[in-house]
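Student: Okay, here's the structure, questions in a sec.
Numbering (the working numbering), first residue to last: 641 to 748.
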């Protein structure tokens, strides 16, 4: 079991929760969350996500990641305009925040 903020994922059963509420994720959505939460606090590049989640080593478009990320953020209840769980680090990749990003910057 991996737990960061109030999100928990269980890789062995492929289940996820936000607080006490179970979140139903598709296979790719779960893989995306798992790839990010397993490295919480670190930036994961889009290339790493394409390789680890989609199993491709060639670079086509980041639209696939963006679409799935939008679905994941909505399911987790993360604000897509001001996310607190998964943040985009422009030009670098994505990061699952170990603490609420708004609280860490004092904007909550």
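Using N, Cα and C, we set each Cβ at its ideal position, and we do this for glycine too.
Using C-beta distances below 7 Å, list every residue in its chain close to residue 738, excluding the 5 sequence neighbours before and after it, in chain order.
Tutor: On the chain shown, position 98 is the one that residue 738 refers to. Contacts found: 644, 680 and 681.
Student: Tell me the residue span of the beta strand (DSSP E) that contains residue 733.
Tutor: Counted from its first residue, the chain shown places residue 733 at position 93. It spans 733-736 - the beta strand (DSSP E) in which residue 733 sits, taken as one unbroken run.
Student: Where does residue 648 fall in DSSP's three states?
Tutor: Walking along the chain shown from the start, residue 648 turns up at place 8. Residue 648: strand per DSSP, three-state reduction.
Student: For residue 678, which of 666, 732 and 641 has the nearest alpha-carbon?
Tutor: Indexing the chain shown from 1 puts residue 678 at position 38. Selected option, being the one with the closest Cα: 641.
Student: Just the C-alpha distance for residue 689 and residue 661, rounded to the nearest angstrom, thanks.
Tutor: Walking along the chain shown from the start, residue 689 turns up at place 49. Walking along the chain shown from the start, residue 661 turns up at place 21. Residue 689 and residue 661: Cα-Cα distance of roughly 26 Å.
Student: Skipping 5 residues on each side, what residues in its chain have a beta carbon closer than 7 Å to that of residue 713?
Tutor: As a first step, residue 713 must be located in the chain shown, where it is residue number 73. Once the five neighbours on either side are set aside, the close Cβ partners of residue 713 are 720, 723 and 726.
Student: Indicate the three-state DSSP secondary structure (helix, strand or coil) for residue 754 in the structure shown.
Tutor: A query on residue 754 cannot be resolved here, the shown segment of the chain reaching from 641 to 748 and no further.
Student: Less than 8 Å between the CB atoms is what I'm expecting for residue 693 and residue 671, so what's the real figure, rounded?
Tutor: Taking the chain shown and counting its residues from 1, the one referred to as residue 693 is at position 53. Taking the chain shown and counting its residues from 1, the one referred to as residue 671 is at position 31. Correct: roughly 4 Å between the Cβ atoms.
Student: Nearest-angstrom Cα distance between residue 736 and residue 698?
Tutor: Counted from its first residue, the chain shown places residue 736 at position 96. Counted from its first residue, the chain shown places residue 698 at position 58. Cα-Cα distance, rounded: 24 Å.
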